[in-house]
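Asker:
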Amino acid sequence: MTTDARVPPVKKFKPEPKVKPEPKVKPGPKVKPEPKVKTEQMDVSETALVSTEEDGTWVETMKARSAYRNTDLPPACQDGHWPKVFLPTIYLWAGSQPNLWNISDDALLEAIQHTFNVVYPDVEYTPTVQGSVFGVTNQRLSEWRSNFGSTTIAIIIDFMARNDDTSPSELAEYLLLDYGFLYEDPDVIDKTKTFQSPFMLQLIATGHLNATASHADVPALNTDTLIVNGIDGLERALRLINDNIINVEDVLAAPLAQRKLMLKTPKVLNKATRKETWTVYAFSVNNWGSATNSFSKSACMKGKHLMRDIASMAWKLLKKSNSRLDDFLSNDDSEEFDERALV
456 MTTDARVPPV KKFKPEPKVK PEPKVKPGPK VKPEPKVKTE QMDVSETALV
506 STEEDGTWVE TMKARSAYRN TDLPPACQDG HWPKVFLPTI YLWAGSQPNL
556 WNISDDALLE AIQHTFNVVY PDVEYTPTVQ GSVFGVTNQR LSEWRSNFGS
606 TTIAIIIDFM ARNDDTSPSE LAEYLLLDYG FLYEDPDVID KTKTFQSPFM
656 LQLIATGHLN ATASHADVPA LNTDTLIVNG IDGLERALRL INDNIINVED
706 VLAAPLAQRK LMLKTPKVLN KATRKETWTV YAFSVNNWGS ATNSFSKSAC
756 MKGKHLMRDI ASMAWKLLKK SNSRLDDFLS NDDSEEFDER ALV
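Here it is in structure tokens:
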């Protein structure tokens, strides 16, 4: 009888497989995630769909920040306004930031949103840090920033070419003394004339004004203050020439097609990795971030009016410039004392 009493419970267990309805759920709506699996297979460059217009005409696909291309931008941005108006406005904003090397994602995103609203007022799109507009803008901003390295070398070499009566190394050493390359007259270190040297005016004209001339008027960006970036690039260029890392005579003697390539600094062997690297002489935040910060502080201390006057002088230079730069160019409070902040 004890055995018979155990038999009924076995029958009661049979209804438990009612859990079998689970398979019925799988063939249902849950099949839809399959497309997501396909996109996830392209994980590094493409993941899930993020934003879709209700009419289904355009879908933004998320990618790694460095993987975005212009073709990934919203259709409305596939026009001349993107390179000629939108990006110059972002460059103008970046040029008014205290430290070009240290712009947060949040600050850049806010600037992008304000600019997008003005340049593309009829486009229903909200930029995000993960999206294509932010990704491509960040790439172009990095390129614009790094171009100060080659631009400043070109400016200095162009000057050396016009003053061939003195060796480039000696001339570079002379201009570096007391940061003479920043003053209207290197022989007279007049603090009221800081940032008014021919090099500085050429840098502002080429690196800032020429690149931002077609910008949109976006009051929310507060771009009325010009903080000249790239000053440290001039110092770097002079030191590279003074140390003969870049040989001016060789650059000027080379065919025009090769000059641009010769402005690149040489690779240096990294003893730790035993691989050659560009980082030693690179125009980067690690090498020149501190100098940028110091020069920017000095520029801010000069006041808005003086910087506007300097910008005005640079505009005049830009309009009548006959330099040969195109021959060289391709398209916290606690800190160590730095003399650059007092120039």
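Position one of the sequence shown corresponds to residue 456 (our numbering), numbered consecutively onward.
Each residue gets a CB set at the ideal place from its N, CA and C atoms; glycine is no exception.
Since this is a predicted model, take the numbers as computed values, not measurements.
(1) Are the stretch 684-698 and the stretch 585-594 in contact at 8 Å, needing three or more beta carbon pairs?
(2) Taking Pro553 as the reference, which of Cys755, Glu579 and Tyr523 has the closest Cα?
(3) Work out the CA separation of Ala522 and Ser551 for me, nearest whole Å.
(4) DSSP three-state call for Asp640: helix, strand or coil?
(5) So, helix, strand or coil for Lys730, using DSSP?
(6) Below 8 Å, can you find three or more Cβ-Cβ pairs linking the stretch 560-576 to the stretch 612-631?
(7) Out of Asp534, Asn748, His536 and Ala766, point me to the one whose CA is closest to Asn665's CA.
(8) Taking the alpha carbon of Pro576 as the point to measure from, which residue in Leu547, Thr583, Phe541 and Leu689 has its own alpha carbon closest?
(9) So the candidates are Arg524, Ala549, Arg600 and Ile608; which of them puts its Cα closest to the Cα of Ser739?
(10) What is the rounded straight-line gap between the Cα of Tyr580 and the Cα of Asn677?
(11) Within this structure, are the beta carbons of Trp429 and Ala566 separated by less than 7 Å?
(12) Which ranges would you report for the alpha helix (DSSP H) in the stretch 549-607 if only whole runs of at least 4 residues count?
(13) Could you tell me which of Thr649, Asp645 and Ser749 sits nearest to Trp556, measuring between CA atoms?
(14) By DSSP's criteria, Asn725 is part of a beta bridge. Which residues make up the other side?
(15) Work out the CA separation of Ile558 and Val514 for me, nearest whole Å.
(16) Going by the CB atoms, is the gap between Val683 and Ile612 shorter than 7 Å?
(17) If you draw a straight line from the C-alpha of Asp698 to the C-alpha of Leu626, how long is it?
(18) Relative to the alpha-carbon of Glu690, which residue among His663, Lys648 and Gly744 has its alpha-carbon at the smallest distance?
(19) When you compare each of Ala675, Met762 and Leu637 to Ala562 by their alpha carbons, which one comes out closest?
(20) Got a sec? Which residues, its chain only, sit under 7 Å from Val578 by beta carbon, not counting five neighbours each side?
(21) From this set, Phe603, Gly662, Lys757 and Val703, which residue's C-alpha is nearest Leu773's C-alpha?
Answerer: According to the structure data:
(1) no
(2) Cys755
(3) 28 Å
(4) strand
(5) Residue state, collapsed to three classes: strand.
(6) no
(7) Ala766
(8) Minimum Cα distance to Pro576 is reached at Phe541.
(9) The shortest C-alpha separation from Ser739 is found at Arg600.
(10) 23 Å
(11) The shown model of the chain, from 456 to 798, leaves out residue 429, and the question about it has no answer.
(12) 560-574
(13) Ser749
(14) Lys730
(15) 29 Å
(16) no
(17) 12 Å
(18) Gly744
(19) Ala675
(20) Pro529 and Ala531
(21) Nearest option by C-alpha distance: Gly662.
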